[in-house]
Amino acid sequence: MAERSFKAEVEHLRLGAGQTFTGEGILAITKALLENGVGYVGGYQGAPISHLMDVLADAEELLTELGVRFEANANEAAAAAMLAASVHYPIRGAVTFKGPVGVNVASDALANLSDSGVKGGALVIVGEDYGEGSSIMQERSHAFAMKSQIWLLDPRPNLPSIVKAVGDGFELSEASNTPVMLTVRIRSCHVTGTFETRDNQRPALTVRDALANPQSDFQRVVLPPWTYRHEQEKIDVRWPAAEKFIRERGLNERFGKEGPVGLVVQGGMYNSVIRALQRLGLADLHGKTELPLYVLNVTYPLVSSEFLDFCEGKRAVLVIEEGQPEFIEQQLATYLYRAKSNVRLHGKDILPMAGEYTGQVLLDSLTAFFREEAEDLLPGQVRAPNFTAPAIPDLSKTVPIRPPGFCTGCPERPIFAALKLAQKETGKVQITADIGCHLFASLPPFEVGGSTMGYGLGPASNAAFDGGGERRALSIVGDGGFWHNGLSSSIGNMVFNKSDSVAVVVDNYYSAATGGQDILSSRAKNDTKATNNPISRALEGVGVKWVRQVNRTYDVPGLKKLFIEALTTEEKGPKVIVASSECMLNKQRREKPLRAKAIKEGRRVEAPRFGVDEAVCTGDHACMRLSGCPSLSLKTLDDPLRDDPVASIDQTCVGCGNCGEVADAAVLCPSFYRADVVHNPGAWESRWAAFRARVIGWLQSRRAASRLTFGETA
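Below, the structure written as structure tokens:
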């Protein structure tokens, strides 16, 4: 069950010539693929392009009608390898994944694809969420594009530019026999707008047609001596063909008029730059500016003749290149040096070397550039020596920091509470983590796992400790990571090397961290994919003898006992615990609408609620130290005799019961209680509830009266 359904929006993909499409960038990309006759699409989910995979899955009926093959690939490497269909056949193919981690996983296939060269257009749509929108290490895919000579597009973040870039990418790929990366940032993926549509195109050659007439060319295989020829072909044929196409088709854009200074801008940074110019009074509300701009919708390869032509007559140019190192700036500096140009090139000497180029960063940097090179362009008040650019309010002093953490009711939370409790008996254990929601366990209050090396590589990260020692090592891998890479690279590695350590597979039924997409072990029925393949059977299939399946992770005492058993048993060999409970976020997405519908129809619905008895709570807060649930907070009582705040459960509680479980496992806390809220009760339930309310009210009034009498006597 994906995080969001696009079933309704997918119907807009059927729009034809002359109609207007309105929607998000993700949907616009999908429409552009269909308009440009794509023959097959695939990929692996990951922010900010997870929804692109969801859209493709929801649009599978339309894709089938057009003869387009859709594959939800096992990982990014499998997706990139899929593009091999374009090596021998004139079929346009596109795959998508998160960059740069997705590019890292896909690197082997991408390098081979680039070496072979392609006959059909091959497009890699990369979600490049650099900066604060990113959940990964701060790197760029630009270096990989340069390393393997894959052309890199970075279109301006508006729907017409993005749609045009898809068509340009296919044609550039075919004109130069080279795969193309299309970078879409988080703002591009979710920007909304309109564009005029064209008719969807059935591929000129479908994959089914290709199977009827198989083709092969041994000169395209990546083997000597052909690899040496491929390298020369890249430089002598493909690169010049790409530059010629970029120039003649005007893929890069120029705005403004001639002037003494100019800006060279990555296409994806265009909107942010225009906004900064607006704040300086150098662009109007519609984004029109007279300042010369050279917008690089193609950031690799750079076309020297275009750049030098832009620099003609200017004394200085500022390169706005987000991310480090400064690949674009270095290349443009080389062009100026070789041309013996006197144009002063600025970039990272004014702009920060690292970090996201936010609106404030660009405003400050552009102000500094103009003051140094063209102060006369600035409005009078900005030129004043004591002028400081209006700053965006610093909210860090008023808005609390929100570190990443598990959702309310997350079934992974009790797993790590149990593990923390188990270590109180076994001693601290060497633990490695993995990519996924469970990585939040490395943060307080759990602090479980101190490293992560890649998706599905949690157990492999502990390989150095698998030889045995005073205590067994333990590693974590999620169900998504397990099927992505973990079964072969991690679990298979443990079996082959006779590891005596412990691995925990956190199974929440979905690839939850990427948006709740179905995977092989998902429990739900999926009409187009094979689900309900148990992880435990896969483990046994590769030779794991000690496998324990847990089907309710909220049983903290039971899990604690199992962890201790796994860490202390005399049995040798790899030990794997599969801890399974459905992702609460997806469960609530499914059940809340059904519950609301039932209540509206007048049917009886019972919903559990948990609370804390303030009179019983001692203020020990063990429930929080071993839970960290967002619905648990502190409450200060009015009682002057009680200084310590007590635990309190707010209205976001989903009734999972984890807080009571961990409190019970830690100190046998009796302050937690469960109350079942009944909607649309029957007549007998209503009368019984009214009677109970009268009795409780009478008892409470007696107690209050006795307290008052005692106070008067005292």
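Here the sequence shown stands for residues 7 to 720, where the numbers follow my numbering. Backbone N, C-alpha and C define an ideal beta-carbon position, used for all residues, glycine too. For clarity, every value in this text was computed on a predicted model and none was experimentally measured.
DSSP places residue 134 inside the beta strand (DSSP E), whose first and last residues are 128 to 134. Judged by DSSP in its simplified three-state form, residue 551 adopts coil rather than helix or strand.
The stretch 331 to 348 makes contact with the stretch 303 to 315; the number of CB pairs closer than 8 angstroms reaches 3 or more. In the three-state reduction of the DSSP assignment, residue 583 falls in the strand class, which pools E and B. Taken in chain order, the complete alpha helix (DSSP H) segments of 4 residues or longer contained in the stretch 75 to 147 are 82 to 88, 91 to 94, 107 to 111 and 113 to 122.
The three-state secondary structure of residue 459, taken from DSSP, is coil. Membership of residue 343 in any beta strand (DSSP E) is not indicated; the residue belongs instead to the alpha helix (DSSP H) covering 333 to 344.
When the beta-carbon positions are compared, residue 41 and residue 206 come within less than 8 angstroms of each other. Taken in chain order, the complete beta strand (DSSP E) segments of 3 or more residues contained in the stretch 270 to 327 are 299 to 302, 304 to 306 and 322 to 326.
In the assembly as shown, residue 157 is a buried residue. Its beta-carbon has 16 or more other beta-carbons within 10 Å.
By alpha-carbon distance to residue 520, the top candidate from 23, 81 and 497 is 81. Within the model, the alpha-carbon separation for residue 488 versus residue 511 is close to 7 angstroms. Excluding five sequence positions before and after residue 354, the CB atoms of its chain that fall closer than 6 angstroms to its own CB belong to 332, given in chain order. In the structure shown, residue 524 adopts coil according to DSSP, grouped into three states. The three-state reading of DSSP puts residue 215 in helix, counting H, G and I together. Residue 79 is positioned such that its CB atom lies closer than 8 angstroms to that of residue 48. Counting only residues of its own chain and dropping the five nearest sequence neighbours on each side, residue 428 has a CB closer than 6 angstroms to the CB of 566, 569 and 570.
Of 325, 155 and 91, the smallest CA-CA separation from residue 222 is found for 91. Listed in chain order, the non-local C-beta contacts of residue 479 below 6 angstroms within the same chain comprise 436, 468, 471 and 507, local neighbours out to five positions each way being set aside. The C-alpha of residue 557 lies about 17 angstroms from the C-alpha of residue 546. Per the coordinates, the alpha-carbon of residue 596 lies some 43 angstroms from the alpha-carbon of residue 291.
Between residue 101 and residue 83, the gap from beta carbon to beta carbon reaches 8 angstroms or more. Under the Cβ criterion (8 angstroms, minimum of three pairs), the stretch 416 to 430 counts as touching the stretch 445 to 455. Residue pairing of residue 187 in beta bridges, as defined by DSSP: 130 and 158. Residue 615 and residue 661 have their C-alpha atoms spaced approximately 5 angstroms apart.
Within a 10 Å sphere around the beta-carbon of residue 494 sit fewer than 16 other beta-carbons, which makes this residue exposed. Taking a cut-off of 8 angstroms on C-beta distances, the stretch 294 to 301 touches the stretch 255 to 265, as three or more cross pairs fall below it. Positions of the alpha helix (DSSP H) runs, each at least 4 residues long and wholly inside the stretch 461 to 540, are given as 498 to 502 in order along the chain. The three-state reading of DSSP puts residue 35 in helix, counting H, G and I together. Taking residue 26 as the centre and dropping the five residues before and after it, the same chain places the C-beta of 200, 201, 202 and 203 closer than 8 angstroms to its C-beta, in chain order.
In this structure, 147 is the residue among 125, 124 and 147 with its C-alpha nearest to the C-alpha of residue 134. If you look at residue 202, you'll find it isn't in any alpha helix (DSSP H); it sits in the beta strand (DSSP E) that goes 198 to 202. With fewer than 16 other Cβ atoms from the protein chains shown falling within 10 Å of its own Cβ, residue 712 counts as exposed. 8 angstroms or more divides the Cβ of residue 515 from the Cβ of residue 505.
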